[in-house]
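Asker: Submitted below is the structure of interest, expressed as structure tokens.
Numbering (my numbering), first residue to last: 609 to 1032.
Here's what the structure looks like:
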């Protein structure tokens, strides 16, 4: 599976890669650079519904060998004052020391609102406090949170002071200290974001531009999935092609879009966009081979406002591939299941990419070209294990097949090394 890119390619060093499906996150360890490479990470803004609980504040991506202590702070006000007293907003709670991602975490003695989590790379490096909102939490309630990573043997006391000011300096990309926020939004608020699809048919050998119109009350991530429509034969299993690819994707007047360059039956998000609040039009071009079968295709567009759970705005549309041959005979497919997205529902242990994903790059002006950032992985972004690599690129794991190839390649290298050793 290939992904269109515009950023320069970077080369990963030869650390052994250990892949696990459904992570949505990279842990970049790099055997050759484990001792010298500092640990950097990303935090993400989180949106939850009233009544959600035990949602991890884990980093969205970790780069380097996470062996040491996480120091977290949570407050009702931005983390900009080292002398401020940290208090939680009404209706918001934080837990530590319970089974799951916070099992290695504890409240800091003498400093309200600050928590420490001891981590080692052999286990989950994503240990963190968990946050939740009561049913009575008001729409628009915001909790500010931040984190500092302290390598083993470092000064944790200094980090307890530093974490209370991590919101003072905005960051762009992974750093060793960051701040983000958790916003509580009601279902009625989320529903004010709307999505509409325009999907003309695609003749064989031609190209067509389809569009998604998004009215965004909140910034979020748009994801497009394509499936064989209800009543149609099932698509051939990827990588067998269906003869249609996305060749271009843009957002206007602002935002950034990305797409895979493999066929529409690729088992992942095909187009994904980071969009600001406001009205946006996303345009993507489909190109068909000169010879292809006729087919009806379902497009599912989801605008991800909520970080977990159901309730994000969704639109569906059906269009026809007008091929040179009739559709293959096969048993009709049942109604397509909802395409998996970045909105997990289970308890969190490992954090989301979108896909996918590290997330795709910060939105860029209109007409930005597609990049290699992998789509947000269609699995929970805060569950599962991690993928080890070196941390030299802004990457996110692809779906199962891609991860299996990485893991398989690493195992092959180990096997080859052992065979050579046995010959000696």
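Backbone N, C-alpha and C define an ideal beta-carbon position, used for all residues, glycine too.
Buried or exposed for residue 765, please, with buried defined as at least 16 other CB atoms from any protein chain shown within 10 angstroms of its CB.
Answerer: For the purposes of this step, residue 765 is taken as the residue at position 157 of the chain shown. So residue 765 ends up on the exposed side.
Asker: Taking all protein chains shown into account, decide if residue 695 is buried (16 or more other Cβ within 10 angstroms of its Cβ) or exposed.
Answerer: Taking the chain shown and counting its residues from 1, one reaches residue 695 at position 87. Exposed: under 16 other Cβ atoms inside 10 Å.
Asker: Run through DSSP, which three-state label would residue 675 get?
Answerer: Residue 675 sits at position 67 when you count from the first residue of the chain shown. In the structure shown, residue 675 sits in coil (DSSP, three-state: anything other than H, G, I, E or B).
Asker: Following the continuous beta strand (DSSP E) through residue 712, name the residue where it begins and the one where it ends.
Answerer: On the chain shown, residue 712 is found 104 positions in, with the first residue counted as 1. No beta strand (DSSP E) holds residue 712; DSSP gives it neither H nor E.
Asker: Where does the unbroken beta strand (DSSP E) through residue 848 begin, and where does it stop?
Answerer: The sequence position of residue 848 within the chain shown is 240, counting from 1. Careful: residue 848 lies outside any beta strand (DSSP E) and carries neither H nor E.
Asker: I need the straight-line Cα distance from residue 876 to residue 744, nearest angstrom please.
Answerer: Start at 1 with the first residue of the chain shown, and residue 876 comes out as number 268. Start at 1 with the first residue of the chain shown, and residue 744 comes out as number 136. Distance between the alpha carbons of residue 876 and residue 744 is about 37 Å.
Asker: Can you tell me whether residue 942 is helix, strand or coil according to DSSP?
Answerer: Here residue 942 corresponds to residue number 334 of the chain shown, with the count starting at 1. Here residue 942 scores only 46 on pLDDT, less than 50, and its place in the model should not be relied on; the value that follows carries that caveat. It is coil, neither helix nor strand.
Asker: With DSSP collapsed to three states, give me the class of residue 795.
Answerer: Working through the chain shown from its first residue, we reach residue 795 at position 187. Helix.
Asker: Among 785, 803, 778, which residue has its Cα nearest to the Cα of residue 678?
Answerer: Against the chain shown, residue 678 aligns to sequence position 70. Nearest C-alpha to residue 678: 785.
Asker: Nearest CA to the CA of residue 836: which residue from 732, 830, 871, 862?
Answerer: Taking the chain shown and counting its residues from 1, one reaches residue 836 at position 228. Checked all of 732, 830, 871, 862; the closest Cα to residue 836 is 871.
Asker: Considering only residues of the same chain and omitting the five flanking positions on each side of residue 775, which have a CB-CB separation below 8 Å?
Answerer: Within the chain shown, the letter at position 167 stands for residue 775. Taken in chain order, the residues that qualify are 686, 687, 688, 752, 754, 787.
Asker: Going by the DSSP bridge assignment, what does residue 903 pair with across the sheet?
Answerer: On the chain shown, position 295 is the one that residue 903 refers to. Residue 903 pairs with 929.
Asker: Beta-carbon separation of residue 892 and residue 856 under 8 Å?
Answerer: Numbered from 1 along the chain shown, position 284 holds the residue referred to as residue 892. Numbered from 1 along the chain shown, position 248 holds the residue referred to as residue 856. In contact: residue 892 and residue 856 (Cβ atoms closer than 8 Å).
Asker: Does DSSP classify residue 771 as helix, strand or coil?
Answerer: As a position in the chain shown, residue 771 is number 163, starting the count at 1. Correct three-state label for residue 771: helix.
Asker: Give the range of the beta strand (DSSP E) segment to which residue 656 is assigned.
Answerer: Stepping through the chain shown from its first residue, residue 656 is reached at position 48. Counting along the chain, the beta strand (DSSP E) containing residue 656 begins and ends at 654–656.
Asker: Is the distance from the Cβ of residue 825 to the Cβ of residue 804 below 8 Å?
Answerer: Taking the first residue of the chain shown as 1, we reach residue 825 at position 217. Taking the first residue of the chain shown as 1, we reach residue 804 at position 196. Cβ distance not < 8 Å, so residue 825 and residue 804 don't count as in contact.
Asker: At the level of alpha carbons, what is the spacing between residue 681 and residue 880?
Answerer: Taking the chain shown and counting its residues from 1, one reaches residue 681 at position 73. Taking the chain shown and counting its residues from 1, one reaches residue 880 at position 272. Looking at the two C-alpha atoms, the distance is approximately 32 Å.
Asker: What does DSSP give as the partner residue(s) for residue 811 in the beta ladder?
Answerer: As a first step, residue 811 is located in the chain shown; it is residue number 203 there, counting from the start. Looking at the DSSP assignment, residue 811 forms a beta bridge with 930.
Asker: From 652, 731, 923, 844, pick the residue whose C-alpha is nearest to that of residue 780; which is it?
Answerer: Position 172 of the chain shown, counted from the first residue, corresponds to residue 780. Ranking 652, 731, 923, 844 by Cα distance to residue 780 puts 652 first.
Asker: In three-state terms, what does DSSP make of residue 701?
Answerer: As a first step, residue 701 is located in the chain shown; it is residue number 93 there, counting from the start. Strand at residue 701.
Asker: Between the C-alpha atoms of residue 563 and residue 710, what's the straight-line distance to the nearest angstrom?
Answerer: With the chain represented from 609 up to 1032, any question about residue 563 goes unanswered, as that position is not in the structure.
Asker: Strictly by DSSP, which residues pair up with residue 750?
Answerer: As a first step, residue 750 must be located in the chain shown, where it is residue number 142. Residue 750 is bridged to 791.
Asker: Go to residue 872, then tell me how far its beta strand (DSSP E) extends in each direction, as first and last residue.
Answerer: The residue given as residue 872 occupies position 264 in the chain shown. No beta strand (DSSP E) contains residue 872, which DSSP labels as neither H nor E.
Asker: Where does residue 764 fall in DSSP's three states?
Answerer: In the chain shown, residue 764 corresponds to position 156, counting from 1. Of the three classes helix, strand and coil, the one that applies to residue 764 here is helix, per DSSP.
Asker: So is residue 763 buried or exposed if we call it buried at 16+ other beta carbons inside 10 Å?
Answerer: The count along the chain shown starts at 1 and reaches residue 763 at position 155. Per the 10 Å Cβ criterion, exposed.
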